[in-house]
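The structure appears below as structure tokens.
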Amino acid sequence: MTSVAKPLVSIIVPVYNVALYIDACLETIKQQTYKNIEIIVVEDCSTDNSKQALALHLTDKRIRVIQHNENSGLSAARNTGIKSAVGDYMMFVDSDDIVDTRLVAACVDCALTTNAEVVTYGFAPFKEGAAENELPYPAASLASETTKIDDSYFSLPHFAWLKFIKSSVVQTASLSFPVGLYYEDWPFHWHLGLSTKVRYQLPINFYLYRQRGTSITGSTDKKLLDLFVIHSKVMNLVEDYQANEVKKILANKIRQSHWSILTRIDNEYLIRALAQAKKADKTLRLNGYQNNLTLRNIVISNIARMPSQIALPIMQVLRKALKKETRLKGSKLEIVTRSKVGFMFLKR
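Residue numbering for the sequence shown follows our numbering, starting at 2 and increasing by one per position.
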């Protein structure tokens with residue numbers, strides 16, 4: 002540490018049906034080399050043995066458990082943690098993940114030496130069931146350099162668990178997560194970035210993300226439709242802050258998201274998704290959001306501007322072609338896009 006100050010760090014851990022994982026998660030938090038922490042566990046009415054697993058950790062007086070009266074979802078659990086936090090800084094850890102024991106110390110050191118309002122860091126995924134010696138922990142010797150980040154912050158992954166935040170920023174900007182929606186990290190990420198000026202990045206994968214079959218990141222069902230609502234919330238934030246300089250970054254992220262939604266969502270929701278994409282495309286154009294002219298962006302924006310009776314069958318052909326292509330070893334998605342539909346859009 003480069004400073005004698007020892008600020009309190011609040012670590013917020015939402016818990017719901019993670020009996021198999023909560024021990025590993027809390028152990029890596031309890032073993033942090035930086036000791037001045039409070040661990041706020043928000044128990045969201047689990048139906049498995051999560052409560053019993055938590056009870057074994059309560060001998061550590063740094064742990065506070067807050068019990069929800071009813072299951073309210075991840076956003077509500079995080080918001081409860083935010084309201085309860087008394088630390089100078091705060092961060093989030095999902096209860097099925099684990100962290101390097103040097104994470105908090107590195108973040109505190111960076112924040113104190115740079116006066117950063119937010120410190121970001123990297124993550125590495127690992128498969129469920131991986132042995133301890135297979136976990137992708139960072140090297141024993143850590144690189145000490147940090148990087149000040151400007152608008153490139155907005156291009157970083159949205160995950161809330163990749164951020165170490167000055168608590169006064171959260172309070173002043175009234176930062177919270179939208180309740181009742183999936184992909185809640187999007188608006189939090191953007192609101193945080195728009196509310197801060199001093200941002201630093203640690204080039205180390207301190208956070209270890211457990212890949213589970215139930216992860217929202219692999220969803221193909223109607224949860225994906227929430228992204229259209231989320232995108233609208235983020236666009237409203239950008240307009241409120243008059244942040245024209247980040248419009249292109251947001252436009253590219255939204256276009257990439259539209260590609261993912263329209264090529265992945267279950268068939269029964271495709272018509273609804275296409276209608277929402279058409280509406281979003283119009284909003285982007287009317288508000289001056291210009292994206293990069295990548296092949297995917299060109300394809301998806303042209304589809305969004307077609308009449309539904311034309312766009313839908315083209316989208317179905319594209320989806321079928323992509324699914325077929327992914328079954329062929331060594332193939333690339335861009336090949337099928339270019340060969341099946343890309344050329345016609347480039348000619349338009």
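The C-beta atom is built at its ideal place from N, Cα and C for all residues, glycine as well.
Check whether chain D comes within 7 angstroms of Val-16, counting only Cβ atoms and requiring the distance to be less than that.
This model lacks chain D altogether; it includes just one protein chain.
Helix, strand or coil, according to DSSP, for Phe-229 in the structure here?
Working through the sequence shown from its first residue, we reach residue 229 at position 228. DSSP places Phe-229 in helix when its eight states are reduced to three.
On the CB-based measure, 16 or more other CB atoms within 10 Å of its CB, does Val-120 come out buried or exposed?
Here the question's residue 120 lines up with position 119 in the sequence shown. Buried, because 16 or more other Cβ atoms sit within 10 Å of the Cβ of Val-120.
Measure the C-alpha to C-alpha separation of Tyr-201 and Trp-162 and round it to an integer number of angstroms.
Residue numbering aside, residue 201 sits at position 200 when the sequence shown is read from its first letter. Residue numbering aside, residue 162 sits at position 161 when the sequence shown is read from its first letter. Approximately 15 angstroms between the Cα atoms of the pair.
Which partner residues does Pro-204 have in the DSSP bridge list?
Position 203 of the sequence shown, counted from the first residue, corresponds to residue 204. Paired residues: none, contrary to the question.
Quick check: the Cα distance between Ile-305 and Asp-282, rounded to an integer number of angstroms?
Taking the first residue of the sequence shown as position 1, residue 305 is located at position 304. Taking the first residue of the sequence shown as position 1, residue 282 is located at position 281. The residue asked about is misnamed: residue 305 is Ala in this sequence, not Ile. Taking the straight line from one Cα to the other gives about 7 angstroms.
Ignoring anything shorter than 3 residues, give me the beta strand (DSSP E) runs that lie fully in the stretch 29-72, in order along the chain.
Those beta strand (DSSP E) runs which fall completely within the stretch 29-72 and span 3+ residues are 38-44, 64-68.
Since I believe Ile-315 is in contact with His-259 (beta carbons under 8 angstroms), could you give me their beta-carbon distance rounded to a whole number of angstroms?
Counting from one through the sequence shown, the residue named residue 259 turns up at place 258. Counting from one through the sequence shown, the residue named residue 315 turns up at place 314. Incorrect: roughly 14 angstroms between the Cβ atoms, too far for contact.
Evaluate the contact criterion for the stretch 181-188 versus the stretch 100-110: three or more CB pairs, one atom per stretch, below 8 angstroms.
no
May I have a chain-ordered list of the beta strand (DSSP E) segments no shorter than 3 residues that lie completely inside the stretch 93-158?
Restricted to the stretch 93-158, the beta strand (DSSP E) segments that are unbroken, complete and at least 3 residues in length are 119-121, 124-128, listed in chain order.
Would you tell me roughly how many angstroms separate the C-alpha atoms of Asp-101 and Gly-130, rounded to the nearest one?
Within the sequence shown, the letter at position 100 stands for residue 101. Within the sequence shown, the letter at position 129 stands for residue 130. Rounded to whole angstroms, the gap between the alpha carbons of Asp-101 and Gly-130 is 18 angstroms.
What separation, rounded to the nearest whole angstrom, lies between the Cα atoms of Arg-63 and Ala-25?
As a first step, residue 63 is located in the sequence shown; it is residue number 62 there, counting from the start. As a first step, residue 25 is located in the sequence shown; it is residue number 24 there, counting from the start. Rounded to whole angstroms, the separation of the alpha carbons of Ala-25 and Arg-63 is 17 angstroms.
Measuring only the C-alpha atoms, how far is Tyr-17 from Ile-40?
Within the sequence shown, residue 17 is the residue found at index 16, counting from 1. Within the sequence shown, residue 40 is the residue found at index 39, counting from 1. Using only the alpha carbons, I get a separation of about 16 angstroms.
So Asn-292 and Asn-237 are supposed to be a Cβ contact under 8 angstroms. How far apart are they, rounded?
As a working mapping, residue 292 is identified with position 291 in the sequence shown. As a working mapping, residue 237 is identified with position 236 in the sequence shown. In this structure Asn-292 does not touch Asn-237 by the C-beta definition: roughly 18 angstroms separates them, more than the 8 angstroms allowed.
If you run the structure through DSSP and keep just helix, strand and coil, what is Ile-166?
On the sequence shown, residue 166 is found 165 positions in, with the first residue counted as 1. Looking at Ile-166 - three-state DSSP - the assignment turns out to be strand.
What would DSSP say about Ser-175, mapped onto helix, strand or coil?
Taking the sequence shown and counting its residues from 1, one reaches residue 175 at position 174. Here Ser-175 sits in coil by DSSP.
Could you have a look at Arg-328 and say whether DSSP puts it in helix, strand or coil?
The residue given as residue 328 occupies position 327 in the sequence shown. In this structure, Arg-328 counts as coil in the three-state DSSP scheme.
Assuming Ile-266 contacts Ala-274 under a Cβ cut-off of 8 angstroms, what Cβ separation, rounded to an integer in Å, is found between them?
The residue given as residue 266 occupies position 265 in the sequence shown. The residue given as residue 274 occupies position 273 in the sequence shown. Rounded, the Cβ-Cβ distance is 5 angstroms, consistent with contact.
Leu-209 and Ala-141 look like a contact to me (Cβ under 8 angstroms); what is the Cβ gap, rounded to whole Å?
By one-based count along the sequence shown, residue 209 stands at place 208. By one-based count along the sequence shown, residue 141 stands at place 140. With 8 angstroms as the limit, Leu-209 and Ala-141 do not qualify as a contact, their Cβ atoms being about 15 angstroms apart.
In whole angstroms, what is the alpha-carbon distance linking Lys-234 and Leu-136?
Translated into the one-based positions of the sequence shown, residue 234 becomes position 233. Translated into the one-based positions of the sequence shown, residue 136 becomes position 135. Computed Cα separation, rounded: 36 angstroms.
Of the choices Gly-289, Pro-179, Ser-153, Ile-205, whose alpha-carbon is the least far from that of Lys-198?
Within the sequence shown, numbered from 1, the residue matching residue 198 stands at position 197. Of Gly-289, Pro-179, Ser-153, Ile-205, the smallest CA-CA separation from Lys-198 is found for Ser-153.
Evaluate the contact criterion for the stretch 63-78 versus the stretch 46-55: three or more CB pairs, one atom per stretch, below 8 angstroms.
yes
Run through the DSSP bridge pairs and tell me what Gln-212 is partnered with.
Translated into the one-based positions of the sequence shown, residue 212 becomes position 211. Bridge partners of Gln-212: Lys-128.
Going by the CB atoms, is the gap between Pro-15 and Leu-55 shorter than 7 angstroms?
Start at 1 with the first residue of the sequence shown, and residue 55 comes out as number 54. Start at 1 with the first residue of the sequence shown, and residue 15 comes out as number 14. Not a contact, by the Cβ cut-off of 7 angstroms.
Just how far apart, CA to CA, sit Thr-114 and Ile-299?
On the sequence shown, residue 114 is found 113 positions in, with the first residue counted as 1. On the sequence shown, residue 299 is found 298 positions in, with the first residue counted as 1. So the alpha carbons of these two residues sit roughly 44 angstroms apart.
Take Gln-33 as the anchor and find which of Ser-11, Lys-52, Val-19 has the nearest alpha-carbon.
Numbered from 1 along the sequence shown, position 32 holds the residue referred to as residue 33. Minimum Cα distance to Gln-33 is reached at Ser-11.
Per the DSSP calculation, Leu-91 is bridged to which residue(s)?
The count along the sequence shown starts at 1 and reaches residue 91 at position 90. The sequence shown places Met at residue 91, not Leu. DSSP lists Ser-11, Ile-166 as partners of Met-91.
How many whole angstroms separate the CB atoms of Asp-95 and Arg-213, which I take to be in contact at a CB cut-off of 8 angstroms?
Counting from 1 along the sequence shown, the entry for residue 95 is found at position 94. Counting from 1 along the sequence shown, the entry for residue 213 is found at position 212. So it is not a contact: roughly 10 angstroms between Cβ atoms.
Starting from Val-16, follow its DSSP beta bridges and name the residues at the other end.
As a position in the sequence shown, residue 16 is number 15, starting the count at 1. Paired residues: Glu-44.
For Ala-188, is the classification buried or exposed, using 16 other Cβ atoms within 10 angstroms of its Cβ as the cut-off for buried?
Along the sequence shown, read from residue 1 onward, the residue named residue 188 stands at position 187. Ala is not the amino acid found at residue 188; the sequence shown has Pro there. Under this definition Pro-188 is a buried residue.
Let me make sure I understand the geometry here. Which of Thr-148, Thr-60, Ala-117, Tyr-122 has the alpha-carbon closest to that of Pro-158?
Residue mapping note: residue 158 aligns to position 157 of the sequence shown, counting from 1. Sorting Thr-148, Thr-60, Ala-117, Tyr-122 by C-alpha distance to the C-alpha of Pro-158 places Tyr-122 at the top.
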